[in-house]
Amino acid sequence: MSTETELKFQIPSAARAAVRAEVDAAGGQPLRLQARYFDTADRALAAAGMALRLRREGDAWVQTLKGRGDGVMQRLEHEVRLGAGEAVQLDIARHDGTPAGAALRRALADRELRPTFETDVHRTVLRLRQADAEIELALDEGALRAGADESPMSELEYELLSGPVDALLALAGEGVLRHGLWLDVRSKAERGERLARGIQHVPALRLEADTLATALRQLLANAAELADGLGGPDHLQAALEAVEDGLRAAALRPEAASLQAFKAQLEAVAARPDAEALAAAGELLRSPGFNRLVLEWLGAALDA
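Going left to right, the sequence shown walks through residues 14 to 317 as our numbering numbers them.
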């Protein structure tokens with residue numbers, strides 16, 4: 014099972030035309046992606062942090078199994094490209110002989126798989142060189158679908174193909190400044206699962222945050238809900254707790270100053286009446302200032 018390193022950002026509606034024009038002007042190549050995701054009736058794969066899909070990529074078919082990874086920048090992935098003439102049906106045996114396949118069979122325990130939701134995406138792909146790194150940008154515009162329900166999608170992914178992670182963080186930071194992108198750690202599989210089950214609100218994520226990386230994972234999971242207008246007071250409180258944990262983990266390190274300044278901002282927001290606080294928190298967590306800081310903190314967590 015390989016590991017992919019990527020950051021995914023939501024694109025504000027006012028910036029979508031500019032992002033599309035920028036990627037097209039730089040030589041982005043179009044690709045149609047149509048995927049169907051599978052799980053058991055009791056959502057065994059979702060509970061195990063796994064996602065299994067069969068996706069048409071232009072004229073080719075690919076079966077992919079993904080694992081949770083670190084919950085922020087990295088996800089585990091095992092991909093099987095289907096040969097010409099191969100039956101275009103899901104077959105879990107394609108992952109046999111790998112740790113991914115073994116984990117899949119343990120999670121399934123002979124339960125039957127069934128389709129849960131679909132994605133239909135117009136992707137524009139662009140490969141760039143940045144500071145000795147090769148990075149792929151993928152502009153995804155389309156929709157998640159589950160039965161009659163549909164949710165629009167407008168995302169920009171930055172995937173590190175080779176080279177230092179710092180180059181990925183720097184390039185993403187440029188996009189944040191130019192277009193107001195905001196970091197979203199929720200995968201398409203997570204969002205599709207919510208759509209399929211009719212779930213609008215999820216509980217706040219709380220972790221035993223003894224490192225800066227773990228504190229950031231808790232912060233970003235709750236920040237995504239608030240930035241998307243789906244969070245509640247518990248998400249705001251959990252985000253504050255994560256910043257406090259991050260401060261303890263980053264004591265005497267340079268990033269402690271920016272964490273302390275952000276903590277003061279978030280505390281001021283949290284002191285407002287509930288509805289006003291949640292709206293203000295969403296605005297703060299979508300802001301370029303916060304998202305640039307997050308990229309700096311991620312770099313520091315990797316160096317810790």
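The beta-carbon is built from N, C-alpha and C at its ideal position, and this holds for glycine as well.
Extent of the continuous alpha helix (DSSP H) to which residue i belongs
| i | result |
| --- | --- |
| P112 | 112 to 121 |
| H108 | Taken as a continuous stretch (DSSP letters only), H108 belongs to no alpha helix (DSSP H), as it is neither H nor E. |
| D241 | Run containing D241: none; DSSP gives neither H nor E here. |
| E206 | 201 to 210 |
| P301 | 301 to 316 |
| R29 | 29 to 38 |
| L58 | 57 to 60 |
| V282 | 269 to 283 |
For residue j and residue i, believed in contact at Cβ under 8 Å, the rounded distance
| i | j | result |
| --- | --- | --- |
| R49 | P177 | In fact, because the Cβ distance is near 36 Å, the residues do not count as touching under 8 Å. |
| T18 | Q87 | 5 Å |
| V256 | V85 | About 15 Å separates the two Cβ atoms, so there is no contact after all. |
| A57 | A120 | 5 Å |
| F22 | L196 | 6 Å |
| T16 | L89 | 6 Å |
| L46 | E70 | 6 Å |
| D258 | A222 | 4 Å |
Residue i: first and last residue of the uninterrupted beta strand (DSSP E) it sits in
| i | result |
| --- | --- |
| E19 | 15 to 23 |
| H248 | It is not in any beta strand (DSSP E) - H248 instead sits in the alpha helix (DSSP H) that spans 246 to 262. |
| L95 | Element bounds for L95: n/a, residue is neither H nor E. |
| P286 | Run containing P286: none; DSSP gives neither H nor E here. |
| E70 | 64 to 70 |
| E131 | 127 to 143 |
| L265 | Note, L265: premise wrong, no beta strand (DSSP E); not H, not E. |
| R45 | 42 to 52 |
| T77 | 73 to 79 |
Neighbour-count burial assignment, residue i, 16 or more Cβ in a 10 Å radius
| i | result |
| --- | --- |
| R207 | buried |
| E11 | Given that the chain is displayed from residue 14 to residue 317, the structure contains no residue 11 and the question cannot be resolved. |
| R66 | buried |
| I148 | buried |
| E131 | buried |
| A226 | buried |
| Q273 | exposed |
| L190 | exposed |
| Q102 | exposed |
| E99 | exposed |
| I24 | buried |
| G80 | buried |
| A64 | buried |
| Q42 | exposed |
message: If contact is defined by three or more beta carbon pairs under 8 Å, each pair taking one atom from either stretch, is the region 302 to 310 in contact with the region 171 to 186?
response: Segments in contact, yes.
task: Please list the segments of the beta strand (DSSP E) lying wholly inside the region 149 to 222, counting only runs of 3 or more residues, in order along the chain.
output: Listed in chain order, the complete beta strand (DSSP E) runs (minimum 3 residues) inside the region 149 to 222 are 162 to 175.
field: Segment contact flag, the region 209 to 224 with the region 243 to 258, C-beta cutoff 8 Å, min 3 pairs
entry: Verdict: yes, contact present.
query: Counting Cβ pairs closer than 8 Å, one from the region 267 to 275 and one from the region 306 to 315, do we hit at least three?
result: Contact between the region 267 to 275 and the region 306 to 315 is present: three or more C-beta pairs spanning the two stretches fall below 8 Å.
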